[in-house]
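Structure first, then comments.
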Amino acid sequence: MPTSLLCNEQIPLLRGEGRYIDDIEFSNMLHVAFVRSPYAHATINNVDTEIAKKQPGVVAVLSGLNIHSDIQPIRPLLDNSSFQATNWHPMAWDKVRYVGEAVAVVVASDRYLAEDAAEHVLVEYEPLPVIDSAATGMLADSARVHDNLINNILLETQSGLDKDDTAFKKGDIKVRGSFRHPRVTGIPIENCGVVADYRENTGELIVWSSTQIPHVLRDALCDSLGISAHQIRVIAPDVGGGFGTKMQALPEEIIISHLALQLHRPVKWTQDRMENIKASFHARDVLVEAELSANTDGTIVGLRAKAICDVGAYNSFPLTAGLEPFTIGSALAGPYDFKYYSYEGYAVATNKCPMGAYRGVGFVLGPMVMEGLLDQLSQKIGMDPALLRKKNLAQPTDFPFKSPAGPVYDSGDYPALLDLALEESDYPVWRNLQIEARNEGRLLGIGMSCFIEMTGMGRDIYRKRGMVNIPGFDAARLQVDRHGHVEAFVSTPSQGQGQKTTFAQLISSALGAPLDVIKVHLGDTATTPYGSGTFASRSLVSGGGALLKAAERLQDKLVKIAAAHWKVSDSELQYVDGRILHPSQKSEHLNLEDIANLAYTPFQELPSNVEPGLSVHVSYNPPPAVSSAAVHMALVEVDKNTYAVKIKDYVVAEDCGNKVNQAIVEGQVRGGTTQGIGIALWEELSYDSEGQLLTGSLMDYLIPGIYETPVIRIASMETPSPWSEGGFKGVGESGTIGAPAAVTNAILDALQVSAQDIQLPLTPERIFRLHNLTDT
Amino acid sequence: MVQDTKHTSNKTRLVKLTVNGVAYERVVEPRLTLVDFIRGELGITGTHVGCEHGVCGACTVIFDGYPVRSCIMLAVQAHSHSVQTVESMSTGDQLHPIQQAFWENFGLQCGFCTPGFLLTVQDLLSRNPDPTDTEIREELSGNICRCTGYQSIIAAVKQAAIYMRKEE
Ligand code: FES
Ligand code: FES
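What follows is the structure in structure tokens.
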């Protein structure tokens, strides 16, 4: 079992000494408040800032009208012929396209005064017809979110539609369903925030942001502000959770930077929770209609699916509106092997908050759809759900396995993983409990969810998707000082996932160096090498992979230096457990500190192909994707009177390849699963037909608390990836992907219904309606 | 409540209070929230703001011995009272047993919710030195953590209870 080393980086956080964005203070700091649109779609006729400017403490008031020609709009690109790019001005100037879109900003000596003055900014709007859903937006005569585009479909993608579908048609049985994943959002407990400070003496703009992507954010700032990268330093300080919500460039990041450049004073914006919910980034909001064809013996013949994604008003940077349709298209077949697959996906613009990533992305739809259809099939043919799945899982001998949906998976043992889940949950005992419960008239159900997650994606995937704004690689710089102390600088920052500890463990075992001489630095474009950042469960695969390669290169160098010192050939030497043994004099050896000293002292002559000093920089392009897998099993009881759901037991069997720190992996799985349970039962951002958000606070948008969250039991196996450095596979999003399907299926099993129209979250009201399907 | 109108205009009030045993005196607007006062005026930033509407519990402080949400209290309400924040817990390099237990049990990831949890647990254990899982869940139901899934927090609380019983 990989060591569950404790995380030293948490000590200051425990003591209240973390430095999160809002903890950054400068004596002459200015604070801002944004004026945001109350309309979902409207023309801006005028913005009057005169009264606001006269309010106490106010330093400046800017509107989109004043600045739109100075700042380039956010305009991420996608290399795809169906793609329609959008211009997202960081503050709207001609039109607003969602409730919460910024139209003006007040800069004042204090946040309270800025908010007071914001009340005095007078905006004249002329409301326009609201495109309130993807369904409306797709209608041929729909009003348009962007007048310059030909319609509201920002992207469409298809695969397999032209394939011969005779086999699909011939399947004995068809099951159909429509699956609606709600619009959700990450709710990191720390909201977003930005501090920007322009240093005249060095001509440098320093931007602290609660971001997952410091380097890519810097790219976005360069594009929008028209200044070059070397003039901008982005720092992600302690970040209080991200979950994908913090991997898009925020309009506010650009505005605050602009203000710091203009005003030559540090400027701070701390997002409040209402802003976070209505105007940072939403995710999913997807309807998938799918049909599964199978034979009576349970063999899946094929899957047909269509996904319609409501992506809100603009393409967000860097992923664009293509994120969900592409991911769903590659995720639906999951761990199963079958012949026919066809898919079409649409990203439709509406007058809602723009879409970004949220833990799991379209992979969540994989099990939601497939596992839902499989449960229907199992009822139809009277086959146990576990058996039915086993019959269709890809076999360990199939790898590398080309999924019917297109991607190639590196490795795994899905039947063994399912067995592990069945064993850990004591599945037969659960079924017996269910029989007892049914005899007593109680609604007890079992749900399972088998799925894969493509993680740590490299350049090939982003190239295939046409996502030009994502570099796809990561990088590490590793340096050893003359005393043998090690510093690592890695491009994948932390939002709480313990990367500093995991990376230190990697270095320690690669260099045989004790942990207390290792220091890891993250989240600063001035010190860490360029790379993609933290998302898509990529930190260990991509950042860790870069680090392992750097350690390898460093070892080569250590060997060369030792060889020069002893005047022997490199091929005779090996760096093992932190030292190199002399090839002939067995008592003689050089440890890391000894060799470091040789690397730095002028007295040691070095061969011409060995640079002095001990520092290496490696950029690493991870495999297209490495696929981790898991099986979730949920035992739930639905209260017959209130339709409240109680999760009685929950098991996760997971395989994320080689691990470094077991406790960190389990923390990711439990946290992710809890978020997935939230999607299944409570979380939903809903809008009315005027585009007004109805769930704008944590009193309406409900996220799991300690009382509702079950004990999650984890069983692990390790199928190392043959493709990635270290055999790692990512695991950050796994829990969130599996849980909605497991919980949904358990509820349907409890109700003994075979529902074709599933809309999450399964609130008591929706469960009541589903239950009454049985009676009618 | 002590009446003290010194140094105040009709728009401001004098607030005298102790935070972590240190006496402070500031003139503030009546609308200033307690959390903004502690963080902004006093520069003691361990207390976090997660929602500003009383739901998440990140801003929990101990007020005259009781846990309260400092985002929905005003600084003026703290006049002549005493407040304790997370910074009061450890002594020198020594973590408080509750902090130690959270660390050892991976009871935090990003750490943003943690100060609120630590203080709520401190209050819980002062009243109930050996809480059951259910009691822990009930008592912590006003604190939200988005990272951990809570299980490690429950384990940490149980461990902390053991440490603290041993100390006595
Ligand atoms: S910030 Fe006070 S309860 Fe959330
Ligand atoms: S540790 Fe991140 S919110 Fe609790």
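Residue numbers (my numbering), protein chains in the order written: chain A, 1 to 776; chain B, 1001 to 1168. Cβ coordinates follow ideal geometry from the N, Cα and C atoms, glycine included.
C-beta contact flag for residue i and residue j at 8 Å
i	j	result
L548/A	V660/A	no
I664/A	T502/A	yes
G498/A	C192/A	no
P90/A	I254/A	yes
V1028/B	A1075/B	yes
Q675/A	G177/A	no
D22/A	I446/A	no
Y620/A	D524/A	no
A405/A	Y340/A	no
I131/A	S142/A	yes
E683/A	V184/A	yes
Contact belief for residue i with residue j at Cβ below 8 Å, rounded distance in angstroms
i	j	result
C222/A	I213/A	The pair is not a contact, with the Cβ atoms about 14 Å apart (cut-off 8 Å).
V369/A	M138/A	Their Cβ separation, rounded to whole angstroms, is 20 Å, which puts V369/A and M138/A out of contact at 8 Å.
T673/A	L685/A	Not a contact, Cβ separation roughly 21 Å.
Alpha-carbon to alpha-carbon, residue j and residue i
i	j	result
V59/A	E289/A	53 Å
T744/A	I24/A	43 Å
T709/A	K464/A	39 Å
T1148/B	S4/A	15 Å
Q662/A	I595/A	33 Å
Y39/A	V103/A	11 Å
T157/A	I277/A	29 Å
R1146/B	S1152/B	13 Å
P415/A	K648/A	25 Å
A108/A	H68/A	21 Å
K1158/B	Q759/A	38 Å
A536/A	G732/A	8 Å
V645/A	L78/A	42 Å
E1168/B	A1161/B	11 Å
V1121/B	S1141/B	11 Å
P471/A	Y98/A	30 Å
L303/A	L387/A	19 Å
L443/A	A513/A	56 Å
A421/A	A630/A	9 Å
F777/A	A305/A	Lying before the first or after the last residue shown, residue 777/A is absent from chain A, which here runs from 1 to 776.
R113/A	F26/A	Here residue 113/A is Leu; the residue named in the question, Arg, does not match the sequence. If you take the alpha carbons of L113/A and F26/A, they lie about 18 Å apart.
A92/A	N151/A	21 Å
Y358/A	L319/A	12 Å
A746/A	V486/A	50 Å
Per-residue contacts from residue i into chain A (C-beta, under 8 Å)
i	result
G1021/B	Those do not exist, as G1021/B stays about 15 Å from chain A at its closest Cβ, beyond 8 Å.
G1043/B	E25
R1137/B	I706 and Y707
Q1099/B	L14 and R15
Helix, strand or coil at residue i [DSSP, three-state]
i	result
T1148/B	coil
Q1003/B	Residue placement at Q1003/B is poorly supported in this model, since its pLDDT is 46, which falls under 50; the coordinates still yield a value, given next. Coil, per DSSP.
C450/A	strand
F1063/B	strand
P12/A	helix
D426/A	coil
D781/A	Beyond the ends of chain A as shown, which are 1 and 776, falls residue 781/A; an answer cannot be given.
N295/A	coil
Y1024/B	strand
T211/A	coil
W682/A	coil
V669/A	helix
K54/A	coil
Chain B contact residues for residue i, given Cβ-Cβ distances below 9 Å
i	result
L6/A	W1103, E1104 and F1106
S537/A	Chain B residues near S537/A: none, gap ~15 Å exceeds 9 Å.
T673/A	G1149
Beta-carbon neighbours of residue i, restricted to chain B and to distances below 8 Å
i	result
L522/A	Neighbours of L522/A on chain B: none; closest Cβ ~13 Å, over 8 Å.
V568/A	Neighbours of V568/A on chain B: none; closest Cβ ~46 Å, over 8 Å.
M699/A	H1053 and V1055
Residue i: contacting residues in chain B (beta-carbon distance under 7 Å)
i	result
G18/A	G1111
Contacts of residue i in chain A (Cβ-Cβ under 7 Å)
i	result
Q1168/B	The sequence shown places Glu at residue 1168/B, rather than the Gln named in the question. Chain A residues near E1168/B: none, gap ~22 Å exceeds 7 Å.
I1144/B	I189, I703 and G705
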